[in-house]
Structure formats: C-alpha cells, structure tokens
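Visitor: There's a structure below that I have some questions on.
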Amino acid sequence: MATRAALKFARECSVYRKAKSNNLPTRCFSTASTNTHTPQPPSPKKVPHSSKKGRLFTGAAIGLLIGGGAYASTVDEATFCGWLFSATKLVNPFFAFLDPEVAHRLAVSAAARGWVPIEKRQDPPILELEVWGRRFSNPIGLAAGFDKNAEAVEGLLGLGFGFVEVGSVTPVPQDGNPKPRIFRLRNEGAIINRCGFNSEGIVVVAKRLGAQHGKRKLETSSTLSPAVDDAVHGGKAGPGILGVNLGKNKTSEDAAADYVQGVHTLSQYADYLVINISSPNTPGLRQLQGRKQLKDLVKKVQAARDEMQWGEEGPPPLLVKIAPDLSKQDLEDIAAVALALRVDGLIISNTTIQRPDPVSINPVAEETGGLSGKPLFNLSTNILKDMYVLTKGRIPLIGCGGVSSGEDAYKKIRAGATLVQLYTAFAYGGPALIPEIKAELAQCLERDGYKSIYEAVGADCR
Ligand SMILES: Cc1cc2nc3c(=O)[nH]c(=O)nc-3n(C[C@H](O)[C@H](O)[C@H](O)COP(=O)(O)O)c2cc1C
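Per full-length UniProt numbering, the sequence shown starts with residue 1, numbered consecutively.
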C-alpha cells in the first residue's frame with residue numbers, strides 16, 4: 001500500500017516536472033482545478049526543496065545544541081550562571097514592545113514561577129554588611145512597587161538582591177487608579193506612574209508571606225536544628241531580607257489606623273517595616289510628613305508594633321519613606337522627629353512630582369504621577385545628603401531614586417546611604433543589571449581604598 005502510494009507520488013511528480021519544463025501551466029494540476037483523472041502532484045510548494053532546507057536547519061540546530069551542551073558541561077557553575085543572567089538581556093526588547101503594565105505583570109509572574117535565573121555566585125565580600133542586627137550579603141535592594149502583593153519574593157531574592165521590599169500593601173484590597181497609569185520615558189531612563197496603591201490587601205499578602213515563610217524556613221532547617229535556624233534567621237522569613245511597605249486606603253479617614261492594621265497583620269513576616277507616606281498618588285498622603293502629623297503617626301505605629309509579643313530578637317525595625325519634593329524646613333522637621341522617636345531608618349526617596357530636565361520636553365511628562373528613574377537621581381541624592389547631615393549619621397538611610405549602575409549606588413552610599421534600592425533601572429535592564437551593579441560597586445569601593453561599605457557611608461558629607 002505504502003509502496004503503491006510512493007510510486008503514484010513519484011509518477012505525479014515526474015508529470016508535473018515535465019509539464020513545467022514544457023512551460024505548461026502548472027495551475028492545471030491543482031486538485032481543485034479538475035474532476036478528471038489527470039495526475040495530481042502535490043501543490044507546487046517545492047516540497048523537496050524546502051524539506052532539504054528544513055533538514056539542514058534541524059541538523060544545524062541539533063548540532064549546535066549538542067555542541068553547546070557539551071561545551072556548557074565543561075564550564076563551571078559561576079560562568080554558566082553569568083551566561084544565564086546575560087541571556088536575559090535578549091528578552092528586554094520583547095518586554096519593551098509590550099504595554100508597561102502588561103510587561104510588569106509578565107515579569108512578576110515569571111519571577112513568581114521561578115522562570116528567572118538564580119544567582120549562584122557569592123557576592124563580593126566587600127559588599128557584606130550588617131544593619132539592624134541583620135546580615136545583608138550586599139546592599140542593593142529592590143524598591144517597593146515592583147512586587148506589590150508579595151507574589152514573587154523567592155524568585156526576586158534569588159536574582160541576587162541583598163533585600164526585597166514588597167508593597168505598598170493597603171489594609172483593604174483596592175484597585176488603584178484607572179489604567180493606563182504607568183508610562184515609559186525610555187530615552188530618559190524614566191517612568192511616570194500614578195498607580196494609586198493597587199493592592200490585594202493585607203490578608204492576601206499575609207497568607208502568601210506565611211506560606212513562603214514556612215517554605216523558606218524548611219529549606220534551611222534540613223541542616224540546622226530548629227533552635228539554630230531560629231537564631232540565624234530570627235525565626236522569620238529565612239535567608240534573604242524582606243521588607244514590608246505599608247500604605248493606606250484611599251478612602252480611609254484615619255491613616256494611623258490603616259498603618260496599625262498593617263503592622264498587626266504583616267510585621268511577623270517582615271525583616272523591616274516601612275510606613276510609606278510619600279506616594280504622590282494618594283490624596284493627602286504626603287501631608288503626613290508634617291512635623292506634628294509624623295510624630296503622632298510614628299508614635300501610634302511604634303506602640304502597635306511594640307505591644308505585640310516578640311521573641312528574643314525583638315520587633316522588626318520601623319522605617320519611614322519620604323518624598324524628594326520637600327523643603328529644607330520639612331527635612332529638618334522629619335529629622336527631628338526621626339531622632340526624637342528613634343525611628344530605625346529612612347528611605348530617601350519616593351518618586352517626584354517635579355519634571356526636571358530633560359524630561360520636561362517629553363510630551364509624556366504631562367502625565368500626572370510620580371517620576372522615577374535617572375532624572376530623579378540628583379534630586380533624591382541631594383535630599384539624602386541633607387538628611388544624613390541633619391540626622392548626624394545616626395540613622396541608617398536607604399538611598400533610592402535613579403540608581404542604574406554600580407557607580408550610582410556608590411554615590412548614594414557616599415551621600416549617606418547604608419543600603420540602596422532601585423526599581424526603574426531594573427524594569428528597563430532586567431536581571432542582568434543586578435550582578436553588573438554589584439560588581440561595579442565593589443570595584444568603586446576598592447578603587448578608592450575602602451575595605452567595607454561602612455567606611456564609605458557619608459564620605460561626601462564629611
Ligand atoms: C510603577 C511604580 C510603582 C511604585 N509603587 C510604589 C509603592 O507601592 N510604594 C512605594 O513606597 N514606592 C513605590 N514606587 C516608588 C519606588 O519604590 C521608588 O521609590 C522610586 O521609583 C524611585 O526609585 P527608582 O528611580 O529606582 O525607580 C513605585 C515606583 C514605580 C515606578
């Protein structure tokens with residue numbers, strides 16, 4: 001049967017070829033063209049020709065795969081890891097093509113599913129530091145807003161961030177502002193967003209963190225007794241530092257009550273807590289930065305945290321995240337409150353409502369919202385310096401705003417930051433950026449003769 005079919009096919013092909021060489025219209029061989037018994041060759045798709053090409057292509061691909069696999073098996077884990085991180089750059093153009101919020105959603109989902117590389121290489125020892133009694137393998141963290149609902153903590157920590165901050169989380173779930181609400185200014189390396197605290201709420205986030213807390217603890221407890229495990233990780237989320245950033249609901253009249261609710265539900269999972277009072281997209285929020293309002297708020301939140309039952313390690317440190325759009329007087333007030341109430345740290349800064357050059361000439365700059373990325377760098381670094389001086393270097397500061405290289409991170413540290421965060425540069429550069437920033441930061445420190453991060457903190461303010 002098969003032989004007969006093959007013979008028939010060969011015959012039809014030869015008739016078809018003859019017809020073609022005699023310049024007869026090959027159209028007449030179309031199966032649809034006739035109902036006679038004229039031999040019907042396959043449609044003139046040049047099957048033999050393309051299948052030859054296909055075979056060649058498949059052969060080359062298999063050859064490459066085998067050759068590449070054989071070569072990859074000879075390289076060490078660190079080299080292979082480096083390749084994986086670099087390879088993620090290949091998907092950046094695809095993400096750039098998508099709507100910013102769709103791209104962001106995809107990135108979070110990929111990290112949540114573990115479809116991102118895992119950093120297996122040790123961080124340069126010079127980057128290691130201890131803050132609030134917690135050990136950071138490097139000072140580069142992911143800022144709030146990327147993983148608002150704590151969906152991808154493991155994947156993001158696995159990328160090699162020294163710490164990851166989730167949130168802002170609101171007590172009651174809310175949708176945030178209508179879309180579109182995230183806008184790229186690609187040439188300027190910037191983003192404008194007016195998300196308005198889209199959040200799944202504290203209950204959902206607590207459940208997620210609870211599940212991860214268990215899982216992460218189990219991972220390390222296989223080699224350590226529970227007691228040792230608790231001592232190493234403080235009985236909290238295991239290796240990798242996790243910050244939880246708290247927000248307030250748009251319609252809530254009592255901001256302090258919102259933050260207190262956040263503390264009650266989420267502080268047990270946090271290595272540090274943040275009161276975010278600096279988003280420009282929630283009406284009235286930034287007014288909480290005023291001297292009296294801030295003092296009242298911090299007192300209430302600290303009390304709520306301290307009333308809870310804490311083990312030997314004590315409660316998580318409480319930080320306040322401030323805006324870059326503050327006057328000297330505002331900064332002095334915040335510094336005074338932070339010192340008086342022994343706030344554990346300040347994050348400087350959130351996005352700006354200003355449109356510094358060269359952003360101002362971009363039509364997208366007219367969109368309402370907070371600007372982040374490169375154009376924010378100087379503004380936020382100047383505020384950081386001011387705050388370092390005002391707080392006399394007594395409060396750990398997290399420098400955030402426009403960091404896109406190791407040199408930028410180094411400048412933040414010299415301006416007074418003990419830790420550094422980024423968001424926008426990561427959104428544009430993807431995972432490959434993280435090892436690059438860490439390596440460059442280590443080089444900067446070594447170049448200037450520093451033996452540790454501590455030595456460089458505030459170097460430009462002395
Ligand atoms: C899309 C987007 C959403 C953000 N959401 C939050 C948020 O929910 N809470 C918060 O404290 N900061 C939020 N931020 C601000 C960042 O955490 C960070 O402070 C700011 O972007 C400056 O850093 P960058 O220049 O490295 O992006 C958001 C930023 C962006 C771009």
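Note that CB positions come from ideal geometry on N, CA and C, so glycine has one too.
Please read all numbers here as calculations on a predicted model, not as lab measurements.
Would you mind stating whether E165 and G133 have Cβ atoms separated by less than 9 Å?
Guide: Mapped onto the sequence shown, residue 165 falls at position 165. Mapped onto the sequence shown, residue 133 falls at position 133. Contact flag unset, no.
Visitor: According to DSSP, is A227 helix, strand or coil?
Guide: Here residue 227 corresponds to residue number 227 of the sequence shown, with the count starting at 1. Its pLDDT being 41, under 50, A227 is placed unreliably in this model, and the value from its coordinates should be taken loosely. A227 falls in the helix class under three-state DSSP.
Visitor: State the Cα-Cα distance for the pair Q354 and S327, rounded to the nearest angstrom.
Guide: Here residue 354 is taken as the residue at index 354 of the sequence shown, counted from 1. Here residue 327 is taken as the residue at index 327 of the sequence shown, counted from 1. One C-alpha to the other measures close to 13 Å.
Visitor: Does the beta-carbon of G145, which I'm using as the reference point, lie nearer than 8 Å to any heavy atom of ligand 1?
Guide: In the sequence shown, counting from the first residue as 1, residue 145 sits at position 145. Yes.
Visitor: Spatial neighbours of D344 within its chain, please: C-beta separation below 8 Å, excluding the five flanking residues on both sides.
Guide: Locating residue 344 in the sequence shown gives position 344, where the first residue counts as 1. Around D344: W132, Y272, P317, L318, L319, I395, P396.
Visitor: Tell me E130's beta-bridge partners as DSSP assigns them.
Guide: Numbered from its first residue, the sequence shown carries residue 130 at position 130. E130 pairs with R135.
Visitor: Would you kindly report the start and end of the unbroken beta strand (DSSP E) that includes C400?
Guide: As a working mapping, residue 400 is identified with position 400 in the sequence shown. Taken as a continuous stretch (DSSP letters only), the beta strand (DSSP E) holding C400 covers 397-400.
Visitor: Name the residue from G158, N198, I277, A456 whose alpha carbon lies nearest to the alpha carbon of A182.
Guide: If you number the sequence shown from 1, residue 182 lands on position 182. In the sequence as displayed, the identity of residue 182 is Ile instead of Ala. Considering only alpha carbons, the answer is N198.
Visitor: Which residues does DSSP list as the beta-bridge partners of N245?
Guide: Translated into the one-based positions of the sequence shown, residue 245 becomes position 245. Per DSSP, G167, V274.
Visitor: Give me the Cα-Cα distance between A304 and Q287, rounded to the nearest whole angstrom.
Guide: Residue 304 sits at position 304 when you count from the first residue of the sequence shown. Residue 287 sits at position 287 when you count from the first residue of the sequence shown. Cα to Cα, A304 sits roughly 22 Å from Q287.
Visitor: Kindly indicate which residue of Q443, A96, S372, A336 has the alpha-carbon position closest to the one of L390.
Guide: What you label residue 390 is simply residue 390 of the sequence shown in a count that begins at 1. Nearest option by C-alpha distance: A336.
Visitor: Quick check: the Cα distance between G176 and T381, rounded to an integer number of angstroms?
Guide: As a working mapping, residue 176 is identified with position 176 in the sequence shown. As a working mapping, residue 381 is identified with position 381 in the sequence shown. G176 and T381: Cα-Cα distance of roughly 29 Å.
Visitor: Give me, in chain order, the residues of the same chain whose beta-carbon lies closer than 6 Å to that of G424; leave out the 5 immediate sequence neighbours on both sides.
Guide: For the purposes of this step, residue 424 is taken as residue 424 along the sequence shown, with counting starting at 1. Per the sequence shown, residue 424 should be read as Thr rather than Gly. Cβ neighbours of T424 beyond the five flanking positions: I191, S372, G373.
Visitor: With a threshold of 7 Å on Cβ separation, who are the neighbours of P431 within its own chain once the five nearest residues in sequence on each side are excluded?
Guide: Counting from 1 along the sequence shown, the entry for residue 431 is found at position 431. Excluding sequence neighbours, P431 sits near F85, T88, V116, P117, L159.
Visitor: Bridge partners of S372, per DSSP?
Guide: Sequence index remark: in the sequence shown, residue 372 carries index 372 (1-based). Note: S372 sits in a beta bridge opposite I191.
Visitor: Which ranges would you report for the alpha helix (DSSP H) in the segment 399-423 if only whole runs of at least 4 residues count?
Guide: DSSP runs (the alpha helix (DSSP H)) wholly in the segment 399-423: 406-414.
Visitor: Is K451 helix, strand or coil by DSSP?
Guide: What you label residue 451 is simply residue 451 of the sequence shown in a count that begins at 1. Three-state DSSP puts K451 in coil, outside helix and strand.
Visitor: Counting beta carbon pairs with one atom in the segment 406-421 and one in the segment 437-448, are three or more of them shorter than 8 Å?
Guide: In short, these stretches touch, since the Cβ pair count reaches three.
Visitor: For L142, which three-state DSSP category applies?
Guide: Counting from one through the sequence shown, the residue named residue 142 turns up at place 142. L142 falls in the strand class under three-state DSSP.
Visitor: Within 10 angstroms of the Cβ of P44, are there 16 or more other Cβ atoms? Answer buried if so, exposed if not.
Guide: As a position in the sequence shown, residue 44 is number 44, starting the count at 1. Low local confidence applies: a pLDDT of 49 at P44 is under 50, so the model's placement there is unreliable, with the coordinate-based value given in what follows. P44 comes out exposed.
Visitor: Assign A456 to one of three DSSP states: helix, strand, or coil.
Guide: Mapped onto the sequence shown, residue 456 falls at position 456. Here A456 sits in helix by DSSP.
Visitor: Taking K148 as part of the beta strand (DSSP E), name the residues at either end of that continuous run.
Guide: Taking the first residue of the sequence shown as 1, we reach residue 148 at position 148. Taken as a continuous stretch (DSSP letters only), K148 belongs to no beta strand (DSSP E), as it is neither H nor E.
Visitor: Pop quiz: A442 and I241 are said to be a contact at Cβ under 8 Å. What is the actual Cβ separation, rounded to whole angstroms?
Guide: Stepping through the sequence shown from its first residue, residue 442 is reached at position 442. Stepping through the sequence shown from its first residue, residue 241 is reached at position 241. Not a contact, Cβ separation roughly 19 Å.
Visitor: Quick check on this structure: which residue in T251, V274, E253 has the alpha carbon closest to the alpha carbon of G262?
Guide: Within the sequence shown, residue 262 is the residue found at index 262, counting from 1. For the residues T251, V274, E253, the minimum Cα distance to G262 belongs to V274.
Visitor: How big is the Cα-Cα spacing for A32 and L56?
Guide: For the purposes of this step, residue 32 is taken as residue 32 along the sequence shown, with counting starting at 1. For the purposes of this step, residue 56 is taken as residue 56 along the sequence shown, with counting starting at 1. Legend: pLDDT at A32 = 35, less than 50; position of this residue unreliable, no value from coordinates given.
Visitor: State the Cα-Cα distance for the pair Y259 and G429, rounded to the nearest angstrom.
Guide: Translated into positions along the sequence shown, residue 259 becomes position 259. Translated into positions along the sequence shown, residue 429 becomes position 429. Answer to the nearest angstrom: the Cα atoms are 33 Å apart.
Visitor: Taking the alpha carbon of N193 as the point to measure from, which residue in A270, G369, N149 has its own alpha carbon closest?
Guide: For the purposes of this step, residue 193 is identified with residue 193 of the sequence shown, where counting begins at 1. Closest option to N193, Cα to Cα, is G369.
Visitor: Quick one: is the Cβ of K328 within less than 8 Å of any heavy atom of ligand 1?
Guide: Within the sequence shown, the letter at position 328 stands for residue 328. Answer for K328: no, Cβ out of range of ligand 1.
Visitor: Any idea which residues DSSP pairs R113 with across the strands?
Guide: Residue numbering aside, residue 113 sits at position 113 when the sequence shown is read from its first letter. Answer is none; R113 lacks a bridge partner.
Visitor: Is S372 near ligand 1, with its Cβ less than 8 Å from a heavy atom?
Guide: To locate residue 372, count along the sequence shown from 1; it is residue 372. Yes, ligand 1 has a heavy atom inside 8 Å of this Cβ.
Visitor: For S267, which three-state DSSP category applies?
Guide: Along the sequence shown, one-based indexing puts residue 267 at 267. It is helical.
Visitor: Under the criterion of a Cβ to heavy atom distance below 8 Å, does Y410 qualify as lining ligand 1?
Guide: Residue mapping note: residue 410 aligns to position 410 of the sequence shown, counting from 1. Not so, every heavy atom of ligand 1 lies at least 8 Å from the Cβ.
Visitor: What I want to know is whether the C-beta of A415 ends up closer than 8 Å to one or more non-hydrogen atoms of ligand 1.
Guide: Here residue 415 is taken as the residue at index 415 of the sequence shown, counted from 1. No, the Cβ of A415 stays beyond 8 Å of every heavy atom of ligand 1.
Visitor: Under the three-state reduction of DSSP, which class applies to I353: helix, strand or coil?
Guide: Position 353 of the sequence shown, counted from the first residue, corresponds to residue 353. The answer is coil: DSSP assigns I353 none of H, G, I, E or B.
Visitor: Which of the three DSSP states, helix, strand or coil, is assigned to V102?
Guide: Sequence index remark: in the sequence shown, residue 102 carries index 102 (1-based). Helix at V102.
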